[in-house]
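Structure record follows, encoded as structure tokens.
2 protein chains.
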Amino acid sequence: MPVNLTPPVAAQLLPVAGFSLGIAEANIKRENRKDLLVMQLCEGARVAGVFTRNRFCAAPVIVAREHLAQNDGIRALVVNTGNANAGTGEQGLQDARTTCAALAGLLGCKATQILPYSTGVIMEILPIAKIAAGLPAAVANMRADNWYDAAHAIMTTDIVAKAMSKQVMVDGVQVTITGIAKGSGMIHPNMATMLGYIATDAAIAQPQLQAMVSEAANRSFNCITVDGDTSTNDALMLIATGKAASPEVRATASSAYQTLQAAISEVATYLAQAIVRDGEGATKFITVHVEGGKDEAECKQIGYSIARSPLVKTAFFASDPNLGRILAAIGYAGIDDLDVAALKLYLDEVLVAEHGGRAASYREEDGQRVMQQSDITIRVVLNRGAADATLWTCDFSYDYVKINASYRS
Amino acid sequence: MPVNLTPPVAAQLLPVAGFSLGIAEANIKRENRKDLLVMQLCEGARVAGVFTRNRFCAAPVIVAREHLAQNDGIRALVVNTGNANAGTGEQGLQDARTTCAALAGLLGCKATQILPYSTGVIMEILPIAKIAAGLPAAVANMRADNWYDAAHAIMTTDIVAKAMSKQVMVDGVQVTITGIAKGSGMIHPNMATMLGYIATDAAIAQPQLQAMVSEAANRSFNCITVDGDTSTNDALMLIATGKAASPEVRATASSAYQTLQAAISEVATYLAQAIVRDGEGATKFITVHVEGGKDEAECKQIGYSIARSPLVKTAFFASDPNLGRILAAIGYAGIDDLDVAALKLYLDEVLVAEHGGRAASYREEDGQRVMQQSDITIRVVLNRGAADATLWTCDFSYDYVKINASYRS
């Protein structure tokens with residue numbers, strides 16, 4: 001079950017002016033399930049995004065990148081679940097383009113003004129006829145207050161839908177930010193099996209919009225791991241409709257940029273953490289904080305070594321303070337000049353290890369107490385610099401194996 | 001249960017002249033269990049080894065490296081299970097030295113002529129009094145034909161003991177090689193949670209002995225992974241007693257060297273594969289062969305990306321040909337210029353994917369048939385060079401989680 005993750009409340013998800021959402025049941029993998037989402041943008045809206053770095057990236061990722069690069073003015077995004085359209089070769093590219101063309105016909109725009117997204121099983125051909133048949137219903141259903149249903153329509157193995165709204169004042173004008181995301185397994189940064197869509201009615205120039213989504217991803221979706229598997233389909237998209245009365249953000253140094261960046265990163269971080277809390281089989285939410293490093297890269301490297309270790313993750317599942325496994329994971333992180341005698345390891349506020357071994361003050365019952373919590377922080381103090389990094393992960397349970405051993409069937 | 005792994009037969013494990021083994025029950029972690037092994041070497045025997053690269057390497061690893069470097073002539077190796085003496089700081093180093101001193105006293109040699117090894121739980125203080133109390137019994141028990149019991153004495157979560165003998169002709173003289181190993185979880189190269197001891201009565205000069213053990217490790221123990229966790233304690237040791245009548249091997253280019261290298265690598269490969277077959281919770285033995293790469297490094301990188309993926313490993317556990325997960329793992333291996341349209345993926349002899357997607361000839365029932373076997377080969381043909389690499393791994397089952405969630409208790 002998800003760890004301390006409250007389902008979204010429909011009434012708390014705020015419409016974003018210039019942005020509407022339509023959902024349909026297209027029977028892509030199963031019957032009677034919302035599996036198709038169309039998001040329509042007002043004219044003049046700007047879109048920026050970051051995509052998976054997996055070399056086997058899915059056909060829709062390739063097509064979405066192409067269409068973004070054409071810069072024709074994006075008018076809609078379309079997302080299907082139930083099939084990833086990845087590892088599908090030339091046929092897959094053709095199917096992604098056909099999806100865009102079909103939606104463009106319904107909306108009266110060009111196919112290059114549509115961005116496609118898919119999530120689900122890899123290496124199966126997209127049932128393009130079902131998608132084409134489902135699109136008219138999604139378009140007919142288009143509403144600005146459809147965020148709650150949209151959050152549900154993009155779920156795959158997710159148990160809880162992930163959505164959040166936030167309002168901030170920008171140059172004296174209230175602007176709205178609403179975001180949704182999906183993801184539960186195959187979660188490892190750059191990116192996770194993860195789709196995220198965050199829209200705002202603020203007006204933001206294209207270079208600043210791209211900077212904002214990249215920075216938000218680096219602070220959020222690129223700081224989580226469930227199983228170390230990087231998906232073929234991930235994308236985080238940021239849409240600015242410009243319908244609010246606030247002046248266009250044109251400089252990264254401006255206070256308006258900083259305010260929006262902070263708010264958008266907050267929404268992205270909430271969504272990214274929600275993915276970990278809903279991680280496949282998760283029973284614990286674990287924050288890994290590495291500080292005192294020479295640079296952020298080595299802090300992340302050590303953090304991921306801990307966060308990916310099946311031995312660490314099964315120990316947390318068992319609430320067993322077998323904390324030497326964390327030391328081992330620090331040791332094999334690949335930092336060749338690491339002085340293990342100089343570092344300190346904490347579990348929440350409990351000092352576990354220092355001087356290369358168990359801390360003299362450490363008592364098993366203190367470690368045991370923290371291990372039994374559902375939210376736990378592992379803190380590593382390297383004492384060799386001023387950099388730090390924070391990652392989020394979950395434990396590794398029977399249910400992870402069960403879910404992934406039976407996902408397709 | 002171990003995958004197609006036959007337990008060793010005591011009568012098939014051949015004594016190595018100049019090498020004897022003594023076992024004791026020292027009650028280190030549990031009562032009534034063989035947990036202490038002393039291996040005594042004749043005067044003039046040579047020893048070479050490779051050790052874990054984990055920065056949190058255990059105290060005995062540090063002391064063994066020191067004693068090897070002193071070059072006083074090693075006279076014995078001592079191994080305890082039940083406690084890794086890792087993450088134990090200064091106390092740990094002192095305990096490893098005390099172990100050596102106690103054994104040296106019994107054997108009438110110097111402490112620096114002893115090499116210590118430990119395996120078991122990390123970050124707990126070694127019960128040095130129990131070890132000291134157990135050593136006399138191990139020394140009293142010393143016999144040349146004790147390999148079978150020795151293989152059992154070094155087991156931790158292993159289900160089946162791992163041992164093999166082989167005889168080859170070197171310069172017209174029959175020489176004997178016998179090896180034992182332990183390891184089951186926390187298995188990832190450089191090194192695995194893995195101890196291996198291979199002895200031969202051949203005479204081999206020190207530089208050639210070191211070259212031989214390094215090459216054997218690279219072809220065997222450095223090609224396996226169970227869970228991606230590199231242990232703090234790993235070691236593979238090669239001992240040459242020189243008691244056979246064959247001339248000393250002094251040149252890497254000699255046919256005697258090549259013959260011995262091949263035979264020792266064969267023993268090491270058998271032992272390494274046995275560790276994977278006995279991998280915690282394993283139900284499938286999976287060979288990952290990557291060929292047609294630019295260099296061996298990229299073949300290993302792609303191979304490990306597949307072999308470490310929890311999604312791939314759970315699919316094999318379920319006998320579910322959800323083979324797109326293998327494509328995803330190839331894609332996120334970090335080879336930036338990889339052309340995914342050029343590669344081919346095979347499951348045994350079945351062509352699964354080419355041209356960036358599912359092969360036209362692929363039928364689900366063919367994939368299903370191979371997935372149901374207990375021994376399976378994943379073959380990736382990169383079509384960009386002449387290098388190749390072979391790795392071995394196992395699937396990921398409920399029992400892996402069960403074993404590791406309850407190991408300490």
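Line by line, the protein sequences give chains V and L. Counting along the first sequence from 1, when you hit position 345 you're at 345 in my numbering, and nothing is skipped either side. Counting along the second sequence from 1, when you hit position 194 you're at 194 in my numbering, and nothing is skipped either side. Quick reminder that beta carbons are idealized off the backbone N, C-alpha and C, glycines included. Just so we're clear, the structure is a prediction, and the values are computed from it rather than from any experiment.
Endpoints, the alpha helix (DSSP H) within which residue i is located
i: L/Arg370; result: The amino acid at residue 370 of chain L is misidentified as Arg; the sequence shows Val. Start and end: 364–371.
i: L/Gly292; result: From DSSP, L/Gly292 is part of no alpha helix (DSSP H) but of the beta strand (DSSP E) over 285–293.
i: V/Lys300; result: 296–308
i: V/Ala181; result: Taken as a continuous stretch (DSSP letters only), V/Ala181 belongs to no alpha helix (DSSP H), being part of the beta strand (DSSP E) at 173–182.
i: L/Ala342; result: Here L/Ala342 belongs to no alpha helix (DSSP H), and DSSP marks it neither H nor E.
i: L/Ala329; result: 324–331
Among the options, the one whose alpha carbon lies nearest that of residue i
i: V/Ala274; options: V/Val175, V/Leu103, V/Lys162; result: V/Lys162
i: V/Val78; options: V/Phe316, V/Gly134, V/Gly279; result: V/Gly134
i: V/Asn83; options: V/Ala341, V/Lys29, V/Glu298, V/Leu238; result: V/Lys29
i: L/Asp201; options: L/Ala342, L/Gly179, L/Asn233; result: L/Gly179
i: L/Ala272; options: L/Ser246, L/Tyr197, L/Ala341; result: L/Tyr197
i: V/Gly334; options: L/Val288, L/Met237, L/Thr52; result: L/Thr52
i: V/Pro139; options: V/Arg308, V/His67, V/Ile23; result: Before going further, note that residue 139 of chain V is Val rather than Pro in the sequence given. The shortest Cα separation from V/Val139 among V/Arg308, V/His67, V/Ile23 belongs to V/Ile23.
i: L/Ile159; options: L/Asp336, L/Ala282, L/Ala101; result: L/Ala282
i: V/Tyr346; options: V/Pro136, V/Gln301, V/Ile286; result: V/Ile286
i: L/Glu296; options: L/Lys130, L/Asn54, L/Leu115, L/Leu382; result: L/Leu382
i: L/Gln12; options: L/Trp147, L/Gln206, L/Asn71; result: L/Trp147
i: L/Gly89; options: V/Ala240, V/Ala342, V/Gly73, V/Tyr400; result: V/Ala342
i: L/Leu106; options: L/Arg75, L/Val50, L/Gly92, L/Val276; result: L/Arg75
i: L/Met142; options: L/Asp366, L/Leu21, L/Arg358; result: L/Leu21
i: L/Leu338; options: V/Phe19, V/Phe56, V/Val249, V/Gly108; result: V/Phe56
i: V/Arg46; options: V/Gln91, V/Leu115, V/Gln94; result: V/Leu115
i: L/Leu236; options: L/Leu260, L/Ser265, L/Ala262, L/Met194; result: L/Met194
i: L/Ala59; options: L/Ala69, L/Ala86, L/Asp35; result: L/Ala86
i: L/Ser305; options: L/Asn233, L/Arg358, L/Trp392; result: L/Trp392
i: V/Thr421; options: V/Glu291, V/Leu209, V/Gly279, V/Thr176; result: Given that chain V is displayed from residue 1 to residue 409, the structure contains no residue 421 of chain V and the question cannot be resolved.
i: V/Ala360; options: L/Tyr400, L/Gln91, L/Ala48, L/Pro8; result: L/Gln91
i: V/Asp145; options: V/Leu14, V/Gln261, V/Gly73; result: V/Leu14
i: L/Lys110; options: L/Gly279, L/Glu298, L/Glu365, L/Gln70; result: L/Gln70
i: V/Val213; options: V/Val38, V/Ser265, V/Val249; result: V/Ser265
i: V/Gln258; options: V/Arg369, V/Leu68, V/Val168; result: V/Val168
i: L/Gly357; options: L/Gly331, L/Asn54, L/Val401; result: L/Gly331
Residue i: first and last residue of the uninterrupted beta strand (DSSP E) it sits in
i: V/Leu14; result: Neither: V/Leu14 is in no beta strand (DSSP E) and is coded neither H nor E.
i: L/Ile376; result: 375–381
i: L/Ala360; result: Premise fails: L/Ala360 is in no beta strand (DSSP E) and is neither H nor E.
i: V/Ala3; result: For clarity, residue 3 of chain V is Val in the given sequence; the question names Ala instead. Note, V/Val3: premise wrong, no beta strand (DSSP E); not H, not E.
i: L/Val352; result: 350–354
i: V/Ala389; result: 387–394
Q) Curious, which full-length alpha helix (DSSP H) runs of at least 4 residues does the stretch 233–279 of chain L contain? A) Every alpha helix (DSSP H) of 4 residues or more that sits fully in the stretch 233–279 of chain L is shown, in chain order, as 255–277.
Q: Taking a Cβ distance cut-off of 8 Å, strictly less, list which residues of the stretch 68–98 of chain L are near chain V, in chain order.
A: Listed by position along the chain: Ala84, Ala86, Gly87, Thr88, Gly89, Glu90, Gln91, Gly92.
Q | Secondary structure, beta strand (DSSP E): runs of 3+ residues fully inside the stretch 189–214 of chain V | A | Counting only runs of 3 or more, we get 195–200.
Q. Taking any Cβ of chain V, which residues in the stretch 314–330 of chain L have a Cβ under 8 Å from it, in chain order?
A. Under the 8 Å Cβ criterion, the stretch 314–330 of chain L contributes Thr314, Ala315, Phe317, Ala318, Asp320, Asn322, Leu323, Gly324, Arg325, Leu327, Ala328, Ala329, Ile330.
Q) Can we say the stretch 118–127 of chain V touches the stretch 135–152 of chain V, given the rule of at least three CB pairs closer than 8 Å? A) Here the stretch 118–127 of chain V makes no contact with the stretch 135–152 of chain V; the two share fewer than three CB pairs at distances below 8 Å.
Q) Name the residues in the stretch 357–385 of chain V whose C-beta lies less than 8 Å from a C-beta of chain L; which are they? A) Those residues of the stretch 357–385 of chain V that come within reach of chain L (Cβ to Cβ, closer than 8 Å) are Gly357, Arg358.
Q: Scan the stretch 90–141 of chain L and note each continuous alpha helix (DSSP H) run of 4 residues or more that stays entirely inside, going in chain order.
A: Fully enclosed alpha helix (DSSP H) runs of 4 or longer: 128–140.
Q) Which full runs of the alpha helix (DSSP H) of 4+ residues lie inside the stretch 19–104 of chain V, going along the chain? A) Within the stretch 19–104 of chain V, the complete alpha helix (DSSP H) runs of at least 4 residues fall at 59–70.
Q. Is it true that the stretch 339–354 of chain V meets the stretch 304–319 of chain V, where meeting means three or more beta-carbon pairs spaced less than 8 Å apart?
A. No: the two stretches stay apart, fewer than three of their Cβ pairs being nearer than 8 Å.
Q) What residues in the stretch 120–142 of chain V bring their beta carbon closer than 9 Å to a beta carbon of chain L? A) The stretch 120–142 of chain V vs chain L, Cβ under 9 Å: Val121, Ile122, Met123, Glu124, Ile125.
Q. Is the stretch 60–69 of chain L touching the stretch 83–101 of chain L in the sense that three or more CB pairs, one from each, lie closer than 8 Å?
A. These segments touch.
Q: Check whether the stretch 3–10 of chain L touches the stretch 364–383 of chain V, counting contact only when three or more Cβ pairs, one atom from each stretch, lie closer than 8 Å.
A: Put simply, the stretch 3–10 of chain L does not touch the stretch 364–383 of chain V. Fewer than three CB pairs are less than 8 Å apart.
Q) Which residues, in chain order, does the stretch 272–301 of chain L contribute to contact with chain V at a C-beta distance below 8 Å? A) Interface annotation for the stretch 272–301 of chain L against chain V: empty, criterion Cβ-Cβ distance under 8 Å.
Q: Could you pull out every unbroken alpha helix (DSSP H) segment of at least 4 residues lying fully inside the stretch 138–164 of chain V, listed in chain order?
A: Fully enclosed alpha helix (DSSP H) runs of 4 or longer: 147–153.
Q) Between the stretch 241–254 of chain V and the stretch 202–210 of chain V, do three or more beta carbon pairs fall short of 8 Å? A) Under the three-pair Cβ rule at 8 Å, the stretch 241–254 of chain V counts as touching the stretch 202–210 of chain V.
Q | Proximal residues, the stretch 28–46 of chain L versus chain V, C-beta separation under 7 Å | A | Result list empty, no residue passes.
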